[in-house]
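Quick notes on the structure that follows.
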Amino acid sequence: MTPVIAVVGRPNVGKSTLFNQLTRSRDALVADFSGLTRDRQYGEGRHHGHRFIAIDTGGLAGDDEGVDQLMADQAEAAIEEADEVLLVVDGRAGLTPGDEYIIDRLRRQGVAAHLVVNKTDGQDEDQASAEFHGLGFDPLHRISAAHNRGIRRLLDDVLGDAEALEEEAEEAEEDGRIQVGIIGRPNVGKSTLVNRILGEDRVVVYDEPGTTRDSIRVPFSRRDRDYTLIDTAGVRRRRQVKEKVEKFSVVKTLQSIEQAHVVIAMIDAREGLVDQDMHLIGFALDAGRAVVVAVNKWDGMDPEDRRWLKEHLKWRLGFLDYARMHFISALHGTGVGDLYDSIDAGYDSAMAKWSTNHLTRILQDAVTQHPPPIVRGHRIKLRYAHQGGSCPPRIVVHGTQADAVPRDYQRYLENTYRRVLKVEATPIRFEFRAPD
Ligand code: GDP
Ligand code: GDP
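Counted from 1, the sequence shown has number 356 at position 356 by full-length UniProt numbering; the numbering is strictly sequential.
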């Protein structure tokens, strides 16, 4: 389960600066989910090669009256989704009533936060944290977010050091099953689909779903392949107890994506494609996951509406033309069986292995057909390629000035590789390396 870290504290202590350091390698995943999360930012970080999700509760500024309370409200909302809470304070400003207010609220909620004293740069270390010692947090984490100091040690304490994480990773997964996540807005039909899948005759569901705090992993087999359904939103449970509409959670969606090899992105045909759908698909692609699009509630739709929607989706999702799109009815089961073919194909693409020879030959053919441009007076020379990883597939291209390959030529190479290797559903990541 990808751990979730929330960064809380009053305005101006350096939360956003810390968040940016934590998620440095990637753009923050900013999403507007109808006011649910506008005040929060989500990002992905890595620690010793392991992913985590960070939430920034920033977005409030000034010291208007009531800001502390607003801040604490926001922090509380973020904490609901988080495994670890970093309470940031300003080592220069010292302890303020705002800090004390938030600490008090956290304590009353029974949240064990990590106290992070920021802005310790250019200050005597002991002096910077002296007044925070009395608060009873142990250890006190001293950092300088702006100078990226103390952050790695902080993460070692919060998430585990390299050794601990290594052990954990060995215990978990790679059980050889195809991990399938289902994402979509509330009410698109996720739990109906889950129940339809697990209720199918050909499907054998193993009785003991592995449960962790918020996730259910349901192992099942169909024909001769093994799958695990990742149900972070608890849609399976929900169906059984007939709860009302799911509370939408960005974190649960992200976790489902993180754990999956293949993500089924559900869209409600009756509602059409909305911004939230685009955000969710964007999350999956950012994480490098294979995507299968399932347009649900296709039953009983007017033929004219169907035609229009198909056209519209083809246009709006043009950037995803390598992913298959299914038109299904989870309620009646129509088209649901066809999803497996696409899930399998997506998985096979995501996990494919290619030899350096093969990749290099494709590169050379591509270059012969359409040579790369001249840059700084010399033609870019691309010499060989090797595979740098899978899920998503990574292709590393080597050559003189390879790092100067322009965007449109990169796209040409991507299209060529995609066509020749028959890669579908998954993004391909490219890396261009020139000799130093
Ligand atoms: P937030 O409101 O809590 O998100 O705070 P910001 O991240 O926006 O930072 C507030 C101010 O503190 C900015 O001017 C930052 O440049 C500054 N700041 C953040 N971290 C540090 C630090 O480690 N050292 C110093 N000296 N300044 C910092
Ligand atoms: P979730 O919130 O994404 O898990 O959505 P649910 O599975 O709870 O479905 C929301 C509503 O849509 C329920 O009333 C379902 O019966 C209905 N629904 C789900 N799939 C279909 C479908 O294929 N066709 C129709 N007409 N209704 C559906």
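Beta carbons: idealized from backbone N, C-alpha and C, even for Gly.
Do residue j and residue i come within 7 Å of each other at the CB atom, strictly closer than that value?
i, j, result
"His48", "Ala162", "yes"
"Gly388", "Val397", "no"
"Ala269", "Trp298", "yes"
"Val405", "Ile374", "no"
"Arg40", "Ala72", "no"
"Gly335", "Val292", "no"
"His261", "Ala330", "no"
"Ala284", "Val263", "yes"
"Tyr384", "Thr400", "no"
"Gln255", "Thr2", "yes"
"Tyr322", "Glu424", "yes"
"Gly333", "Arg196", "yes"
"Ala75", "Ile5", "no"
"Gln21", "Ile151", "yes"
"Thr23", "Gly9", "no"
"Val205", "Leu198", "yes"
"Ala216", "Gly181", "Per the sequence shown, the amino acid found at residue 216 is Ile instead of Ala. Not a contact, by the Cβ cut-off of 7 Å."
"Gly98", "Glu131", "no"
"Val158", "Asn118", "no"
"Arg177", "Thr228", "yes"
"Asp403", "Ala366", "no"
"Met266", "Gly134", "no"
"Arg108", "Ser129", "no"
"Val420", "Ile343", "no"
"His386", "Thr356", "yes"
"Ile257", "Asn296", "no"
"Arg429", "Pro392", "yes"
"Ile194", "Phe220", "Ile is not the amino acid found at residue 194; the sequence shown has Val there. No. Outside cutoff."
"Val7", "Asp56", "yes"
Please tell me whether, using a cut-off of 6 Å, the distance from the CB of residue i to the nearest non-hydrogen atom of ligand 1 is below it.
i, result
"Pro373", "no"
"Asp390", "A quick correction: the sequence has Ser, not Asp, at residue 390. No, the Cβ of Ser390 stays beyond 6 Å of every heavy atom of ligand 1."
"Ser144", "yes"
"Pro11", "yes"
"Thr368", "no"
"Lys119", "yes"
"Thr400", "no"
"Thr17", "yes"
Regarding residue i and ligand 3, is the C-beta to nearest heavy atom distance less than 6 Å?
i, result
"Gly14", "Looking at this structure, you won't find ligand 3 anywhere; what it does contain is ligand 1 and ligand 2."
Measuring from the CB of residue i, is there a heavy atom of ligand 2 at a distance below 6 Å?
i, result
"Gly110", "no"
"Lys297", "yes"
"Pro139", "no"
"Ala330", "yes"
"His250", "The question names His, but residue 250 is Val in the sequence shown. False, no ligand heavy atom lies under 6 Å from that Cβ."
"Val188", "yes"
"Thr192", "yes"
Exercise. Which ranges does the alpha helix (DSSP H) cover as unbroken runs of at least 4 residues, wholly within the segment 57-123, from first to last along the chain?
Worked result: 67-81, 97-108
Handout entry: Sufficient close CB pairs (3 or more, under 8 Å) joining the segment 275-289 to the segment 84-91
Key = The segment 275-289, when compared against the segment 84-91, does not touch it at the 8 Å Cβ threshold.
Start-end ranges of the beta strand (DSSP E) lying completely within the segment 308-363, minimum 3 residues:
If only uninterrupted beta strand (DSSP E) runs of at least 3 residues are considered, those enclosed by the segment 308-363 are 325-327.
Quiz item: Is the segment 13-21 close to the segment 145-153, with three or more CB pairs under 8 Å?
Solution: yes
- Message: To test your reading of the DSSP string, which unbroken alpha helix (DSSP H) runs of 4 or more residues are found completely within the segment 258-314?
- Response: Those alpha helix (DSSP H) runs which fall completely within the segment 258-314 and span 4+ residues are 275-286.
List, from N- to C-terminal side, the alpha helix (DSSP H) runs of 4 residues or more that fit wholly inside the segment 135-204.
151-159, 162-171, 190-199
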